[in-house]
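Notes for the one structure printed next.
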Amino acid sequence: MNKIWLIIKREYTSRVLKKSFLLITILTPLSIVLIGVVAGLMTASSGKSFNIAMFDESKTIQLDKIEKNEDKYTLVDSKKFESLKKTYSTEGFDVLVKVPKLDSLTQTSMNVQYFSKEKLSIKNINNIEENIDEAVEEYKLSNSSIKKEDVDNLKMSVSLENALNTEESSANSGENSDVVGDKSSKLSSIIATGISGIMGFLMYMVIFIFGGMVMRSVMEEKINRVVEVMVSTVKPFDLLLGKIIGVGLVGLTQLLIWMILIPIGLMITAAVLGIDTSSTATSTNMLDPEMMKAIEEGAKAEPNKIAEFLTEFRALNWWLILPVFIIFFFGGYFLYSALFAAVGASIGDDLTEGQQLMMPIIAPVIIAFIMLQQVIVDPNSNLAIFGSMFPLFSPIIMPARLAFDPPLWQVGLSIVFLIAGVVAVTMFAARIYRVGIFMYGKKASFKDIGKWLFIKG
Amino acid sequence: MSILQIQDVVKKYHNHLANDRINFEVKEGSLFGLLGPNGAGKTTLIRIITHITLADEGQVLLDGKRVGEWVTREIGYMPEERGLYKKMKVADHLLYLAQLRGLPKNEAIKEIKHWFDKFEIGSWEKKAIEELSKGMQQKIQFIATVMHKPKLLILDEPFSGLDPVNSKLIEEEIINLKNQGTTILFSTHRMEQVEEICEEIVLINNGKNVLQGNVTDIKKQNKQNTFEIKYEGDAPVLPTNIEVLQEERGLIRYKLHDNTLPNDVLKDLIQKTQISSYREILPTLSEIFIKTVQKD
Numbered sequence: 001m002n003k004i005w006l007i008i009k010r011e012y013t014s015r016v017l018k019k020s021f022l023l024i025t026i027l028t029p030l031s032i033v034l035i036g037v038v039a040g041l042m043t044a045s046s047g048k049s050f051n052i053a054m055f056d057e058s059k060t061i062q063l064d065k066i067e068k069n070e071d072k073y074t075l076v077d078s079k080k081f082e083s084l085k086k087t088y089s090t091e092g093f094d095v096l097v098k099v100p101k102l103d104s105l106t107q108t109s110m111n112v113q114y115f116s117k118e119k120l121s122i123k124n125i126n127n128i129e130e131n132i133d134e135a136v137e138e139y140k141l142s143n144s145s146i147k148k149e150d151v152d153n154l155k156m157s158v159s160l161e162n163a164l165n166t167e168e169s170s171a172n173s174g175e176n177s178d179v180v181g182d183k184s185s186k187l188s189s190i191i192a193t194g195i196s197g198i199m200g201f202l203m204y205m206v207i208f209i210f211g212g213m214v215m216r217s218v219m220e221e222k223i224n225r226v227v228e229v230m231v232s233t234v235k236p237f238d239l240l241l242g243k244i245i246g247v248g249l250v251g252l253t254q255l256l257i258w259m260i261l262i263p264i265g266l267m268i269t270a271a272v273l274g275i276d277t278s279s280t281a282t283s284t285n286m287l288d289p290e291m292m293k294a295i296e297e298g299a300k301a302e303p304n305k306i307a308e309f310l311t312e313f314r315a316l317n318w319w320l321i322l323p324v325f326i327i328f329f330f331g332g333y334f335l336y337s338a339l340f341a342a343v344g345a346s347i348g349d350d351l352t353e354g355q356q357l358m359m360p361i362i363a364p365v366i367i368a369f370i371m372l373q374q375v376i377v378d379p380n381s382n383l384a385i386f387g388s389m390f391p392l393f394s395p396i397i398m399p400a401r402l403a404f405d406p407p408l409w410q411v412g413l414s415i416v417f418l419i420a421g422v423v424a425v426t427m428f429a430a431r432i433y434r435v436g437i438f439m440y441g442k443k444a445s446f447k448d449i450g451k452w453l454f455i456k457g
Numbered sequence: 458m459s460i461l462q463i464q465d466v467v468k469k470y471h472n473h474l475a476n477d478r479i480n481f482e483v484k485e486g487s488l489f490g491l492l493g494p495n496g497a498g499k500t501t502l503i504r505i506i507t508h509i510t511l512a513d514e515g516q517v518l519l520d521g522k523r524v525g526e527w528v529t530r531e532i533g534y535m536p537e538e539r540g541l542y543k544k545m546k547v548a549d550h551l552l553y554l555a556q557l558r559g560l561p562k563n564e565a566i567k568e569i570k571h572w573f574d575k576f577e578i579g580s581w582e583k584k585a586i587e588e589l590s591k592g593m594q595q596k597i598q599f600i601a602t603v604m605h606k607p608k609l610l611i612l613d614e615p616f617s618g619l620d621p622v623n624s625k626l627i628e629e630e631i632i633n634l635k636n637q638g639t640t641i642l643f644s645t646h647r648m649e650q651v652e653e654i655c656e657e658i659v660l661i662n663n664g665k666n667v668l669q670g671n672v673t674d675i676k677k678q679n680k681q682n683t684f685e686i687k688y689e690g691d692a693p694v695l696p697t698n699i700e701v702l703q704e705e706r707g708l709i710r711y712k713l714h715d716n717t718l719p720n721d722v723l724k725d726l727i728q729k730t731q732i733s734s735y736r737e738i739l740p741t742l743s744e745i746f747i748k749t750v751q752k753d
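As given, the protein sequences belong to chains C and U, one line each in that order.
Mapping to our numbering: the first sequence position 365 is 365, numbers consecutive.
Every number in our numbering is 457 more than the matching position in the second sequence, counting from 1.
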C-alpha cells in the first residue's frame, strides 16, 4: 500500500509541478474567457443596423409597420430609385431594395431585389424578408374582408408539460401557478438537456485526455526501460494502479481549478466589459444546434427569466446528480485508462505505431458519443437504457441522463455493472500490461496480446 | 552455505521453453557468474529469482525461504535494459527508488549522501537525469541498485555501455561489496570479465544449465593436454609422442598423445635445447563456452 502511495505521489507531483501543466491549467480558462469575450462582442456587434432605401412598386408597404428593429427604412419613388441605383452609397444608404408590383391579392411569393456594396448576412436578409413579408400580409389583410384579430385567433400555441410538475407547483403556489408550471417545465428540460450534453462531453474529453496521458506514460516507461527497474521493486499491478490513480488525480485537480477559474473569469470579464459572456456556454457545446438555440434564447431572456432559469437550475436533483457523476467519472476513467495502459504496454519501440492498437478502445468511446446525441433528445429510450447499462458506454451515457430523473433502479444497476466492468477490464488490462512491458522491439499483434493473457505470473 | 537455491525451474512462453529445469546454488558471499549466449534464458531466470515473474514449475529459495514479494528488500537488481525517469532530479530519483525498496526516508538520504561522497558526484544532486551522460546515468543506476544494502546483488551485463574508467570503478565497487559480504550474481555473455572476477559459474544454453562449478576446476576439466615451450638457440628435433599445434622461431605449442606424461616430453626437450619457459595451456572460459554451446 505504501508503495502504491509513493507511486501515486510521484505520478502526481511530476505532472502537476511541470511548467506545461501550469500553463495549460491557466491558459485554458483564459482562452475560454477570451472565447466568451469574442462571442459576447460578436453578439453585440451582430445588431449592426442598416439604412435602407426601399422602392415599393405597388405601394403596399407602410413604414410604421416595418420599422421594428434597428434597421432604418426610407420609402422612395421610382424616379429617385433609378437615380439611387448609382448613388445610394454616397447618399447615406447601405442597401437599396426594390419590392416588385403585387400582381394580385392571391399571389403567395415574390422575388425582391436588393443592391448593396456589402454582402448582407443571413440575419440581415432574414430581417428584411420578414419585414416585407409582414408588410405585404398587412396590406393583403386590409384589402380583404378578414380582420387581423380573426387571423390571430386562428393561431394556436400548444406546449406540452409534465402533469406531475404542474400539480406540484399549483399545490405549492396557488392560482397563477399554471403559467409558471408551464414555462418552467419546458425550461427545466432545456436546462437538463444542456447539463446532459456538458456532462457527456466532459466524460468523453476526460477519457481521451487523461486516458491518453496514462498510455503515453506507460509507453515512455517501456521505451526508456525504467519499467525494468521499477518492476524489480514493485508489482506491475501496483505500478499500473499507482499510475492510473496519480494521473486521475492530476485530471481532477485540473478540472477543479477550471471549475473555479472559468466562472470567476467569465464573471469578471462580464463585469468589466459589461457584455453577456453566457453565450460561451453555447459556443463550447456544439452538440445540437436546436439545443444551442434553446439555451441561447434562455440566456437572452429578460431578467425575470434568468431568475426562473436559476430557480429551475437549483431545483435539479443535485444530490443525486453530483455524487453519481463522480462515480461515473472515476469508473469511466479507470476502465478506459486501464485499457489505454494495456495498449501503451503493447507498443514496440516506436511511439507512433500505436494507432492500430488504439482502435478497439477508441471505437466504443466514439459509439457512445454518437449515442449521446440521441440520448439527449430521448433520455428514456431503449437505446439510452442499453447505453447506461453497458460499462463501456455507461460512463458517457448515464451522466447525460441524470438531469432527466432516470429511474433509480437504472442508476443503481448501471453503477453495479460499471463496477463489475471496471474490475473485469482492469484485470484483463493488467494481464496484458504485465507481459507487454517486457516485450521490446516490434509492436504486438492482437494474436500476441491474446496469448499474453494466458501467461502465468 | 547457500544463500540462493534454484531448483528445477521451468518457465514456458507460448511454445518456447525459456527455462528448462535449471538447478544450481550460490554460496553466501561469493561472486557467481551466470553465463550464457543471448536468448539462453538468463533474464527469464533472473526475473523469477527477483519475483517479477513466476516459475511454472520448480522453486527458488533465498536464505532458505521461497521467494515472494519480500525479496525486493533483500535483492538489488540492475537489469540489462535499464533506464531512469529523465525529468527527475538525481537525488529525488534515488530517494524514490530507495523508499520503494522499503528504506525509511532519513536512512535513504544518509545512504545517498554516502554514495555521492564516494563517487564525488555531490554536484549532480539537483540535476535532472536527462542532463547526465550515459556513463553518469549508469553510476546512478548502480547506486540505486546497492543503496538499500541488499544481501544478494544481481547485475545483468553491468559493464555494457561503460567506458574503461567507469568500468574499472564499478568493478572495484563490486569487489568491495563482495568483501563486505554481499553475494553477487553476475550475468553476462562476456567471458573475459567472468574469468577475472568470478569464482563460480553456471553456463546456461537453450534454457538448460549445461556446465557449472568453480572456474579453475572447470578449466582443468576442460584442458586439452596442450603445452607451450619457449626456447633459445636452434630448433630441437621433436619427439614423436606429441602432436605439434604451432611452431615458430623460439616457440612450440603441442598436444600430448594419450598415455604420454608431460614430464617425459619436457625431459627430452631439455636435453636438446635451452628452455626459457614452459607452461600448460588451459582453455579460456570463452573457448569452453563456445565448445559447450556448439556441442549442445
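Quick reminder that beta carbons are idealized off the backbone N, C-alpha and C, glycines included.
CB contact check: residue i to chain C, cutoff 8 Å
i	result
residue 490 (chain U)	no
residue 591 (chain U)	no
residue 596 (chain U)	no
residue 464 (chain U)	no
residue 748 (chain U)	no
residue 558 (chain U)	yes
residue 545 (chain U)	yes
residue 646 (chain U)	no
residue 614 (chain U)	no
residue 514 (chain U)	no
residue 554 (chain U)	yes
Residue closest to residue i, alpha-carbon to alpha-carbon, out of the options
i	options	result
residue 553 (chain U)	C:35, C:5 and C:124	C:5
residue 661 (chain U)	U:495, U:462 and U:483	U:495
residue 742 (chain U)	U:654, U:649, U:736 and U:692	U:649
residue 106 (chain C)	C:79, C:141, C:132 and C:118	C:141
residue 428 (chain C)	C:417, C:452 and C:443	C:452
residue 103 (chain C)	C:136, C:245 and C:190	C:136
residue 389 (chain C)	C:435, C:362 and C:421	C:421
residue 370 (chain C)	C:434, C:383 and C:24	C:383
residue 693 (chain U)	U:683, U:682, U:702 and U:706	U:706
residue 219 (chain C)	C:80, C:73, C:88 and C:346	C:346
residue 673 (chain U)	U:685, U:642, U:656 and U:630	U:656
residue 507 (chain U)	U:498, U:524, U:514 and U:520	U:524
residue 341 (chain C)	C:217, C:419, C:400 and C:324	C:217
residue 375 (chain C)	C:314, C:196 and C:221	C:196
residue 414 (chain C)	C:119, C:194, C:324 and C:266	C:324
residue 50 (chain C)	C:153, C:97, C:151 and C:272	C:97
Euclidean distance between Cα positions of residue i and residue j
i	j	result
residue 3 (chain C)	residue 202 (chain C)	31 Å
residue 492 (chain U)	residue 477 (chain U)	15 Å
residue 465 (chain C)	residue 408 (chain C)	This structure leaves residue 465 (chain C) out entirely; chain C is present only between 1 and 457.
residue 755 (chain U)	residue 583 (chain U)	No answer is possible for residue 755 (chain U): it lies beyond the span of chain U, which begins at 458 and ends at 753.
residue 206 (chain C)	residue 252 (chain C)	9 Å
residue 735 (chain U)	residue 701 (chain U)	15 Å
residue 754 (chain U)	residue 543 (chain U)	Here chain U has residues from 458 to 753 only, and residue 754 (chain U) is not among them.
residue 200 (chain C)	residue 549 (chain U)	40 Å
residue 470 (chain U)	residue 737 (chain U)	45 Å
residue 30 (chain C)	residue 204 (chain C)	22 Å
residue 461 (chain U)	residue 530 (chain U)	15 Å
residue 247 (chain C)	residue 8 (chain C)	8 Å
Neighbour flag for residue i against chain U, beta carbons, 8 Å
i	result
residue 218 (chain C)	no
residue 317 (chain C)	no
residue 123 (chain C)	no
residue 431 (chain C)	no
residue 487 (chain C)	A query on residue 487 (chain C) cannot be resolved here, the shown segment of chain C reaching from 1 to 457 and no further.
residue 347 (chain C)	no
residue 229 (chain C)	yes
Check: residue i C-beta below 7 Å from any heavy atom of the ligand MN
i	result
residue 750 (chain U)	The model on display carries no ligand, and the ligand MN is accordingly not part of it.
Handout entry: Any 3 or more C-beta pairs closer than 8 Å across the segment 422-441 of chain C and the segment 222-241 of chain C
Key = The answer is yes - the segment 222-241 of chain C touches the segment 422-441 of chain C, with three or more Cβ pairs under 8 Å.
Problem - Cβ pair count under 8 Å reaching 3, the segment 328-339 of chain C against the segment 377-397 of chain C - result: Three or more beta-carbon pairs drawn from the segment 328-339 of chain C and the segment 377-397 of chain C are found closer than 8 Å, and the two stretches are therefore classed as touching.
Exercise for the section: Examine the Cβ distances between the segment 711-727 of chain U and the segment 602-621 of chain U and report whether three or more of them are shorter than 8 Å. Expected result: Because the criterion of three Cβ pairs below 8 Å is not met, the segment 711-727 of chain U and the segment 602-621 of chain U do not touch.
Problem - Contact residues within the segment 527-544 of chain U, judged by C-beta distance below 7 Å to chain C - result: Closer than 7 Å at the C-beta level to chain C, one finds these residues of the segment 527-544 of chain U: 529, 534, 536, 538, 539, 540, 541, 542, 543 and 544.
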